[in-house]
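**Student:** Please find one structure pasted underneath; my questions will follow.
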């Protein structure tokens with residue numbers, strides 16, 4: 007009897023869980039002191055606020071009392087957030103510190119908190135599926151506060167893809183020839199820190215129609231710094247930080263800057279070209295499936311290295 011063909015992969019393919027790490031949840035300028043925002047990340051509803059002392063705080067959204075969303079009409083009171091439904095107030099540790107109409111506070115009146123940090127003009131939360139403490143520090147991008155670099159440009163894209171697949175694009179130099187219409191694939195090398203923490207890609211395109219050298223630092227899936235060098239003093243950086251909304255949707259926050267030496271000459275044109283480039287990736291991401299066990303060829307060595315490196319961000323090895 008002939009074997010029946012399987013159901014289409016678009017119906018059966020699953021994506022990995024969310025990798026652990028630091029993830030952007032807002033631009034710093036978007037959250038003023040005393041302001042509260044609703045955030046969707048990691049398939050969760052979250053509440054983000056800035057306390058009266060200026061500290062950004064992120065927590066699970068729903069009040070343990072009757073389930074009101076604290077990110078919608080919640081109110082900042084000093085270093086705490088008050089529920090809009092009955093006024094229960096939770097401090098930055100997640101503990102309920104006040105019930106306006108009751109002196110006795112139940113021991114279980116707590117909300118899950120998420121570690122936060124603020125740098126690079128953004129607010130980040132540390133995600134781990136077991137809600138453990140951060141395992142490494144958030145990287146600081148020195149160029150964003152350097153007078154030799156032009157004021158950063160900021161843009162955002164909501165992309166229909168899992169965070170791992172988006173990061174993988176960075177280590178796929180061949181796709182630039184076929185998706186982004188480059189005339190050739192420049193020689194590329196991928197290396198990893200001795201401790202395995204960071205991954206680096208260098209692509210030498212100095213002999214192409216638009217000579218340049220590409221240097222990428224991947225701190226984790228969702229945190230990458232891409233540096234393009236056209237000549238001494240002629241450089242551009244793209245800092246990419248991501249907010250995984252769900253397993254198939256990611257919000258990318260890009261911060262771009264060029265050296266002052268080329269700001270007037272070509273800065274606007276170069277930045278516009280980089281932003282337009284993501285429109286070419288979009289149809290691929292929107293219609294592909296995630297291959298957990300892809301069939302690689304011999305020349306896919308940069309992708310193989312990436313797949314090995316990314317395993318460390320999944321506490322459950324089976325997810326990798």
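In our numbering, the protein residues as written are 7 to 326. All residues carry an ideal CB built from backbone N, CA and C; glycine is no exception. These numbers come from a predicted model, not from an experiment.
#1: Kindly list the residues whose CB is nearer than 7 Å to the CB of residue 255, restricted to its own chain and excluding five residues on each side of it in sequence; keep chain order.
#2: Kindly identify the DSSP beta-bridge partner or partners of residue 119.
#3: Under the rule that 16 or more other beta-carbon atoms within 10 Å means buried, what is residue 303, buried or exposed?
#4: Among the candidates 259, 258, 271, 249, whose CA atom is the shortest distance from the CA of residue 49?
#5: Secondary structure at residue 35, three-state DSSP: helix, strand or coil?
#6: Give the single residue among 54, 113, 134 whose Cα lies nearest to the Cα of residue 33.
#7: Buried or exposed: which applies to residue 202, given that a residue is buried once 16 or more other Cβ atoms fall within 10 Å of its Cβ?
#8: Hey, how far is the Cα of residue 116 from the Cα of residue 96?
#9: By a C-beta neighbour count over all protein chains shown, 10 Å radius and 16 as the cutoff for buried, is residue 196 buried or exposed?
#10: Classify residue 65: buried if its beta carbon has 16 or more other beta carbons within 10 angstroms, exposed otherwise.
#11: Compute the Euclidean distance between the alpha carbons of residue 148 and residue 13, then round it to the nearest angstrom.
#12: Using 8 Å as the Cβ pair cut-off and three pairs as the minimum, do the segment 263-281 and the segment 291-300 touch?
#13: Tell me which residues share the same chain as residue 179 and place their Cβ nearer than 7 Å to its Cβ, disregarding the 5 neighbours each side in the sequence.
#14: Going by the DSSP bridge assignment, what does residue 219 pair with across the sheet?
#15: Can you tell which of 59, 61, 46, 60 has its C-alpha closest to the C-alpha of residue 76?
#16: Suppose the cutoff is 8 Å on Cβ atoms and the five residues either side in sequence are ignored; what does the same chain contact list for residue 38 look like?
#17: Are residue 315 and residue 222 touching if we call contact CB-CB under 7 Å?
#18: With residue 145 and residue 132 assumed to form a contact (beta carbons below 8 Å), what rounded beta-carbon distance in angstroms separates them?
#19: Which of helix, strand or coil does DSSP assign to residue 316?
#20: What three-state label does DSSP hand residue 249 in the structure shown?
#21: The beta strand (DSSP E) spanning residue 43 covers which residue range?
#22: In its own chain, which residues sit with a C-beta less than 6 Å from the C-beta of residue 150, not counting the 5 before and 5 after it?
#23: According to DSSP, simplified to helix, strand and coil, what is residue 29?
#24: Going by Cα to Cα distance, which pick from 204, 200, 243, 226 is closest to residue 218?
#25: Once you ignore the five residues that flank residue 136 on each side, which residues in its own chain have a CB closer than 8 Å to its CB?
#26: Going by DSSP, what residue range makes up the beta strand (DSSP E) through residue 263?
#27: Please report the distance separating the alpha-carbon of residue 108 from that of residue 129.
#28: Pick from 264, 99, 41: whose alpha carbon is nearest that of residue 155?
**Tutor:** Reading it off the structure:
#1: 164, 166
#2: 65
#3: That one is exposed.
#4: 249
#5: helix
#6: 54
#7: exposed
#8: 7 Å
#9: buried
#10: Around the CB of residue 65, 16 or more other CB atoms lie within 10 Å, so the residue is classed as buried.
#11: 50 Å
#12: no
#13: 191, 192, 194, 209, 308
#14: Answer is 210, 235, bridged to residue 219.
#15: Nearest to residue 76 by alpha-carbon distance, out of 59, 61, 46, 60, is 46.
#16: Excluding sequence neighbours, residue 38 sits near 56.
#17: no
#18: Contact between residue 145 and residue 132 does not hold, since the beta-carbon distance rounds to 13 Å and is not under 8 Å.
#19: helix
#20: strand
#21: 42-47
#22: Excluding residues up to 5 positions away in sequence, 126, 158 lie with their Cβ nearer than 6 Å to the Cβ of residue 150 in the same chain.
#23: strand
#24: 243
#25: Here residue 136 has 321 as same chain residues with Cβ atoms under 8 Å from its own Cβ, once five neighbours each way along the sequence are excluded.
#26: Following the DSSP letters along the chain, one finds residue 263 inside the beta strand (DSSP E) bounded by residues 255-264.
#27: 35 Å
#28: 264
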